[in-house]
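Shown next, in structure tokens, is the structure this report addresses.
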Amino acid sequence: MKVTVNINIGGYAFHMDEDAYHELKAYLRSLELHFTGEESASEIMADIETRMAELFRARLGTFRQVITMSDVREVMEIMGRPEDFVDQDSYTARDKFASTSSHRMYRDPDNRMIGGVCSGMAAYWHLDPIIPRVIFLALILAGGLGLFAYLILWIVLPEARTTAQKIEMRGDPVNVHNIKESVREEFERVKKNFKNK
Amino acid sequence: MNSENAKAQMRKGILEYCILLILSRNSCYASDIIKELREVKLIVVEGTLYPLLTRQKNSGLLSYRWEESQQGPPRKYYELTEAGREYLKDLDQSWNELIESVNLIRK
Chain A
1 MKVTVNINIG
11 GYAFHMDEDA
21 YHELKAYLRS
31 LELHFTGEES
41 ASEIMADIET
51 RMAELFRARL
61 GTFRQVITMS
71 DVREVMEIMG
81 RPEDFVDQDS
91 YTARDKFAST
101 SSHRMYRDPD
111 NRMIGGVCSG
121 MAAYWHLDPI
131 IPRVIFLALI
141 LAGGLGLFAY
151 LILWIVLPEA
161 RTTAQKIEMR
171 GDPVNVHNIK
181 ESVREEFERV
191 KKNFKNK
Chain B
198 MNSENAKAQM
208 RKGILEYCIL
218 LILSRNSCYA
228 SDIIKELREV
238 KLIVVEGTLY
248 PLLTRQKNSG
258 LLSYRWEESQ
268 QGPPRKYYEL
278 TEAGREYLKD
288 LDQSWNELIE
298 SVNLIRK
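Order-wise, the sequence lines are chains A and B.
Each residue of the first sequence is one higher than the last, beginning at 1 in the numbering used here.
Each residue of the second sequence is one higher than the last, beginning at 198 in the numbering used here.
Spelled out as structure tokens, the structure:
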């Protein structure tokens, strides 16, 4: 037994297995990211989604109702990953790819105690967040400098809001696999919060 | 320096030319264009085509109309505009010239 999710692709309703849904969502996000900056990004995405809806319908036929992981994988194979599109506009695509796999410091809102400055530093340097926290606390106790530095950093560092920013914060390259992991983490967190309430 | 970049640049221009060539015969649905390009091994994944079509449409070379489909959502049928035909004539000529030049040097 599996949980299914109801989604709308290109104006058509589909039932999907939960794992297939996550895979598809991550894939579409990676495409969106790839087409960012393109003049008609939303139109291209709509064309692609319409085509995917058509491919899914052809795969389901009349008897099957639920889209599975293997359907999603097959359709992704046909449409191709952003990495495979490189040949259409190799320079811009590669430049964009290079800039999205950069490494920046952000405030990490998911693991924050106060402003997310220490958790952001920890994510950036791959440390345990306790280390920057202890250092800041020591600096604060030793004089006012730590507090001052913390406030400056809180103001200066942007918060990592989007999936791509969170990946950038950790310095991982932005690709389908990483986005999928992040989306899943986020989903699990929301689910947990929901259960706690 | 590897050859990938040069190849990608070459393929990009040729791909645009071939899309216009296919559409010059009759109006097509994106999947028909894909099928033809795939048969001649010019593209591997479908996703490559959609941004190209949209760009050509935006620069006025193509237009499209919606057509109902029995299998699913309505389909976009692309066709060459008058400007697109002119553009294609230009490309035809420069293609012939290029082939000639390259063949002369390769000899």
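Note that the Cβ used here is the ideal one computed from N, Cα and C, for glycine as well.
Here the structure is a predicted model, which is why all the values come from computation and not from measurement.
As assigned by DSSP and simplified to three states, the class of residue i
i	result
L137/A	helix
L28/A	helix
N199/B	coil
N8/A	strand
H22/A	helix
F194/A	helix
R189/A	helix
V66/A	strand
T100/A	Below a pLDDT of 50, predicted positions are generally treated as unreliable, and T100/A, at 48, falls in that range; the measurement from the model is reported next regardless. Residue state, collapsed to three classes: helix.
V299/B	helix
L145/A	helix
Y275/B	strand
L259/B	strand
E259/A	Given that chain A is displayed from residue 1 to residue 197, the structure contains no residue 259/A and the question cannot be resolved.
E264/B	strand
R112/A	coil
Minimum Cβ-Cβ distance from residue i to chain A less than 8 Å
i	result
N255/B	yes
A280/B	no
K184/B	The requested residue 184/B is not part of the displayed model; chain B covers only 198 to 304.
is_contact[residue i, chain B] using C-beta, thresh 8 Å
i	result
T36/A	no
N6/A	no
D108/A	no
R74/A	It is worth fixing the name first, because residue 74/A is Glu in this sequence and not Arg. False, the Cβ-Cβ gap to chain B never drops below 8 Å.
E39/A	yes
F148/A	no
M1/A	no
D47/A	yes
I78/A	yes
CB of residue i within 8 Å of CB of residue j, strictly
i	j	result
A164/A	L31/A	no
A149/A	L139/A	yes
P248/B	G10/A	no
T245/B	F85/A	yes
A160/A	P109/A	yes
Contact with chain D by residue i, beta-carbon distance below 8 Å
i	result
I131/A	Protein chains A and B are contained in the structure displayed, whereas chain D is not.
(message) Tell me which residues of the stretch 53-67 of chain A have at least one Cβ-Cβ distance to chain B shorter than 7 Å, keeping chain order.
(response) A53, E54, R57, A58
(request) With 7 Å as the limit, tell me which residues of the stretch 229-248 of chain B have their beta carbon closer than that to any beta carbon of chain A; keep them in chain order. (result) V241, V242, E243, G244, T245, Y247, P248
(request) Check whether the stretch 42-56 of chain A touches the stretch 9-23 of chain A, counting contact only when three or more Cβ pairs, one atom from each stretch, lie closer than 8 Å. (result) yes
(message) Does the stretch 14-26 of chain A come into contact with the stretch 226-239 of chain B, if we say contact requires no fewer than three beta-carbon pairs (one atom in each stretch) closer than 8 Å?
(response) no
(request) For the stretch 249-261 of chain B and the stretch 211-218 of chain B, state whether three or more C-beta atom pairs, one from each stretch, are separated by less than 8 Å. (result) yes
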